[in-house]
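Quick note, the sequences are listed as chains E and W, same order. Position 221 of the first sequence, counted from 1, bears residue number 221 in the UniProt record's numbering, the numbering being contiguous throughout. Position 110 of the second sequence, counted from 1, bears residue number 110 in the UniProt record's numbering, the numbering being contiguous throughout. No residue lacks a Cβ here, since even glycine has one placed at the ideal position from N, Cα and C. One structure is given here, and the rest of the page talks about it.
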Amino acid sequence: MVNGKRTLIIIPALNESGSIADVVGEVRGELPGVDVLVVDDGSTDRTAAVAAAAGAKVAKLPYNLGVGGAMRLGYRYARDHNYDVAIQIDADGQHDPRYVPKLVDLLEDNDLVIGARFAGEGDYNVRGPRRWAMVMLSAVLSRVAHTKLTDTTSGFRAANRRVIEMFASWYPAEYLGDTVETLVHTARRGYRIRQVPVAMRKRMAGTPSHSPAKAMVYLGRAFAVLTLALIRR
Amino acid sequence: MKLTLVTGLTGLLLLGTIVELLRRRQLREKYGMLWLAVLIIVIPLSLFPRLLDNVAETLGVASGVSLVLFLGIVFLLLVCVHLSWEVSALEEETRTLAEDLALLRAEIDADRAARDELVSTDG
């Protein structure tokens, strides 16, 4: 329970056996009485077993579906088990669960709340084509959603029952679909979106990808995904 | 004359392959019928390549053979697009199945854990 609401934390995880126990443990420590669902996206290591041992509920996909596939499964679980609020958190420990009550508070007047990295708190920053992509996405999505959005690819989100219902039946599996396309879809259907500044931490395990070529590809893909999302029904 | 023989034999070989695949139920009828229909049109054309020369001339194409080549490529492109579409639909179906499976497994695990707890508190 967070603020009297039945809350489910959804953590999509792919081969995160190194950090998943700490992430699950921290969430359960900070937010007692909250259920944690780890969606194992076809891991080849012991992610599912480690997560279960740490006290999470586990749904294990038979093969890798990508973040989008894992997330729809999480929202389906939330819908089937009647949760009021579903919050997604990354498995690498970048998202601080202490912000969760703040996100849930804002769900009073909003349907989807995003924990945003560049909105004041913390010192997370990026440069080059990756930054241009983020600026472009922010500018366009802020217009579509009629609210200021600075971190549209954040995987730290809280959804109320209405959005859970929608995501359970509709959630794109393709690249960036889980972040960019869901925002366009949600905003277009008249749901209210808000962002909250959150500080982002260093990854507990794993390394981020940094190369100029990859950043350019990212920019191109972001542009393609956004254009497609805008012309889709 | 040689060309006619080569193309005609290729056509018949393909026809035999399709029929055999259908007979062994290795090919769904909806696809098999499509290829049979194509072969029924293509085999006579391979035997009499000048058959379409008049049509080609009215369209401004140099010869019937070029026209057949062009139409063949267009047809193959359409088939590829159709297959991509079918694969997309299949991927969506298997995705849903994978999610269902994961949900059911989670359900069973939760039940089992609850039952184990009951047994351990009873005992």
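Problem set entry | Contacts around E/D90, its chain only, beta-carbon distance under 6 Å, and the 5 residues preceding and following it disregarded | G155
For this session: Taking 8 Å as the cut-off, decide whether the C-beta atoms of E/L112 and E/L141 are in contact.
Result: no
For this session: Determine the closest residue to E/M216 out of E/M200, E/W132, E/L228, with distance taken between C-alpha atoms.
Result: E/W132
Problem set entry | Complete runs of the beta strand (DSSP E) confined to the segment 32-109 of chain W [at least 3 residues] | none
For this session: Return the first residue and the last residue of the beta strand (DSSP E) that W/T10 is part of.
Result: Per DSSP, W/T10 belongs to no beta strand (DSSP E); it is in the alpha helix (DSSP H), 2-23.
Exercise. Quick one: Cα of E/G122 to Cα of E/M200, how far?
Worked result: Since pLDDT at E/G122 reaches only 48, below the 50 mark, its modelled position is unreliable, and no value is offered.
For this session: Measure the CB-CB distance between E/D41 and E/L8 and report whether it falls below 8 Å.
Result: no
For this session: Return the Cβ separation of E/V196 and E/L137 in integer angstroms, given the expectation that the two are a contact with Cβ distance under 8 Å.
Result: Going by Cβ atoms, the distance from E/V196 to E/L137 rounds to 18 Å, so no, they are not a contact pair.
For this session: Please report how far the alpha carbon of E/Y75 lies from the alpha carbon of W/R112, in whole angstroms.
Result: 23 Å
Exercise. Per DSSP, E/I87 is paired with what?
Worked result: E/I9, E/A158
For this session: State buried or exposed for E/V67, treating a residue as buried only when at least 16 other CB atoms are found within 10 Å of its CB.
Result: buried
Exercise. Checking contacts by CB at 8 Å: is E/R46 closer than that to chain W?
Worked result: no
Exercise. Considering only residues of the same chain and omitting the five flanking positions on each side of E/Y99, which have a CB-CB separation below 6 Å?
Worked result: G115, V198
Exercise. What whole-angstrom Cβ distance do E/A158 and E/L73 have, given they're in contact under 8 Å?
Worked result: Actually they do not touch by this definition, with Cβ atoms about 18 Å apart.
Exercise. Nearest to E/P62 by alpha carbon, out of E/L14, E/P129, E/T152?
Worked result: E/L14
Exercise. Residues bridged to E/G115 by DSSP?
Worked result: E/V196
Problem set entry | Any C-beta of chain E under 8 Å from that of W/R95 | yes
Problem set entry | Contact under 8 Å by Cβ, W/S63 with W/G11 | no
Problem set entry | Cβ neighbour criterion (16 or more within 10 Å) applied to E/G177 | buried
Problem set entry | For E/L37: DSSP bridge partner residues | E/I10, E/K57
Exercise. Got a sec, what are the start and stop residues for the alpha helix (DSSP H) E/L176 sits in?
Worked result: No alpha helix (DSSP H) holds E/L176; DSSP gives it neither H nor E.
Problem set entry | Where the alpha helix (DSSP H) containing E/A72 begins and where it ends | Here residue 72 of chain E turns out to be Arg, not Ala, going by the sequence shown. From DSSP, the alpha helix (DSSP H) with E/R72 extends over 66-80.
Exercise. What residues are listed by DSSP as bridge partners for E/V2?
Worked result: E/K5
Exercise. Which term fits residue 238 of chain E, buried or exposed, when burial requires 16 or more other beta carbons within 10 angstroms of its beta carbon?
Worked result: Chain E is shown only over 1 to 233; residue 238 of chain E falls outside these bounds and no answer can be derived.
For this session: Taking all protein chains shown into account, decide if W/V119 is buried (16 or more other Cβ within 10 angstroms of its Cβ) or exposed.
Result: exposed
Exercise. For E/V39 versus E/I20, is the C-beta spacing smaller than 8 Å?
Worked result: no
For this session: Flag W/R112 as yes if its beta-carbon sits less than 8 Å from any beta-carbon of chain E, otherwise no.
Result: no
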